[in-house]
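First up is the structure itself, then whatever we jot down about it.
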Amino acid sequence: MTTPSRAARPRPGSSPALQAWVEDIDRQARTKLGMGRVADYIPALADQDPERFGLAICTNDGQLYTAGDAEIPFSIQSLSKVLLLSLALRRHGDALWRRVGLNPSGMPFNSLMQLETEHGKPRNPFINAGAIVVADHLVGAFATPSKHLQDVARTLSGNAGLLIDRQVLASEWRHRSRNAAAAYLMKAFGNLDNEVDEVLNAYFACCALRMSCADLAVTLNYLAADGHAMTTGDRFVPPAMAQRINALMFTSGMYDAAGDFAYRVGLPAKSGVGGGIVAIVPGRFSVCAWSPALDERGNSVAAQYALELLADDLGRWSG
Ligand code: DON
């Protein structure tokens with residue numbers, strides 16, 4: 002048997018039983034279509050088709066199992082926060098934690114309440130305020146942080162065609178009041194080095210990157226593989242850093258639903274208002290599920306259900 006290389010885009014999964022299972026999850030998750038609502042606070046996201054559902058699993062030995070709309074690109078939104086955090090930690094290490102916390106907020110991802118009482122230090126890097134501080138680090142480090150993030154995503158996914166959606170970026174910019182309020186508050190507390198507009202622009206551009214479930218499962222596979230990137234074979238982050246990012250995803254990746262999701266699924270995961278959720282099974286595989294309609298906390302209804310089904314039957318993936 003040949004061992005698939007970790008320095009290439011993964012090949013289609015070779016197990017018919019696992020492929021059938023992925024298709025079965027796809028079929029079951031589609032029973033949830035029609036529940037939830039597509040995000041419309043960013044108007045350019047409002048016309049997403051709520052009937053879409055995709056699922057992709059990238060195993061650490063370089064196989065890709067997909068079902069449904071797994072190859073359709075969508076707005077990654079807060080999934081970009083995982084890449085942003087990885088880039089900032091690579092660059093600044095633990096110094097980052099002087100400016101961003103490590104604890105769940107228990108609040109909606111765009112809440113401003115704790116920022117005032119906690120002196121402009123966001124609870125964690127996965128709420129909007131936290132990601133804006135992380136983006137501030139990258140504005141200081143790279144001429145065009147979103148271009149850098151796009152290049153990294155292209156390399157890690159093996160998909161050179163990934164693009165930032167200019168329409169979504171413009172829409173987020175026009176409707177930026179709440180994120181701008183968070184950024185100005187942090188600036189007032191001395192927790193933003195660069196100009197608010199510049200940092201917000203970088204943050205929105207990263208959120209506006211379009212990727213498919215397959216792209217995302219491949220890109221973020223380093224979190225399942227002790228930091229080793231699938232497409233390059235290089236170590237993207239050290240193993241301890243991968244573990245810590247997973248820990249943060251586990252405690253804060255699903256916002257104020259983190260506890261519910263941990264109970265029901267029990268995997269490190271990160272969601273975005275484009276409807277994507279990435280989850281990690283350390284040592285084994287990364288998975289991305291996507292469907293645009295969200296519950297009241299901003300997490301995709303069908304994608305959460307798909308991950309619940311997957312987690313209930315993880316034994317299938319051993320060996
Ligand atoms: O800043 C925002 O509100 C969006 N660009 C990202 C929010 C997001 O994806 C949070 N996810 N659930």
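Going by the numbering used here, the sequence shown opens with residue 2, and the numbers climb by one from there.
Just so you know, even glycine gets a beta-carbon here, dropped at the ideal spot from N, CA and C.
Spatial neighbours of residue i in its chain, beta-carbon cut-off 6 Å, leaving aside the 5 residues before and after
i    : result
D41  : A47
Q20  : G14 and Y66
H120 : F190
E173 : I43 and F205
N222 : C59, M231 and S287
A203 : A136, V140, P146 and S147
Alpha-carbon spacing of residue i relative to residue j, whole angstroms
i    : j    : result
A209 : G162 : 14 Å
G277 : A243 : 20 Å
E309 : F251 : 14 Å
S301 : C214 : 13 Å
N139 : R99  : Contrary to the premise, residue 139 reads as Leu rather than Asn in this sequence. The straight-line gap from Cα to Cα measures roughly 15 Å.
A144 : A270 : 30 Å
D25  : D50  : 22 Å
F205 : D313 : 35 Å
N129 : E72  : 27 Å
Y306 : L103 : 27 Å
R28  : A290 : 13 Å
L85  : D137 : 10 Å
P239 : D261 : 29 Å
T156 : Q64  : 17 Å
V282 : L315 : 9 Å
R12  : T32  : 29 Å
M114 : S178 : 15 Å
A96  : H176 : 32 Å
Beta-bridge partners of residue i, as assigned by DSSP
i    : result
G277 : W291
K122 : According to DSSP, K122 bridges with nothing at all.
Y66  : I58
M212 : F75
T13  : In the sequence under discussion, the amino acid at residue 13 is Pro, which differs from the Thr named in the question. L65.
I165 : L210
F286 : T60 and V282
V197 : Per DSSP, none; premise fails for V197.
A270 : A280
S301 : L295
H229 : R236
V39  : A294
Contact check, residue i vs residue j, beta carbons under 8 Å
i    : j    : result
Y66  : G141 : no
V266 : A248 : no
T233 : A8   : yes
P109 : Y256 : yes
F75  : G299 : no
L268 : L80  : no
F1   : S272 : A query on residue 1 cannot be resolved here, the shown segment of the chain reaching from 2 to 320 and no further.
V134 : P146 : no
V219 : G284 : no
L186 : E297 : no
A181 : V197 : yes
C170 : A184 : According to the sequence shown, residue 170 is Leu rather than Cys. The answer is no: Cβ separation not under 8 Å.
P126 : K188 : no
R92  : L164 : no
Close-in-space but distant-in-sequence residues of the same chain around residue i (CB under 7 Å, 5 per side omitted)
i    : result
R38  : A294 and L295
F286 : I58, C59, T60, N61, A225 and W318
G320 : Note that G320 scores a pLDDT of 45, beneath 50, so its modelled location is shaky and nothing firm can be said.
A259 : P105, T252 and S253
R10  : G159, V219 and T232
L311 : I26 and V288
P17  : none
L168 : As written in the sequence, residue 168 is Gln, which differs from the Leu given in the question. Excluding sequence neighbours, Q168 sits near A45.
Below-8 Å beta-carbon distance, residue i vs any chain B residue
i    : result
H138 : Protein chain content of the structure displayed is limited to a single chain, and chain B is not contained in it.
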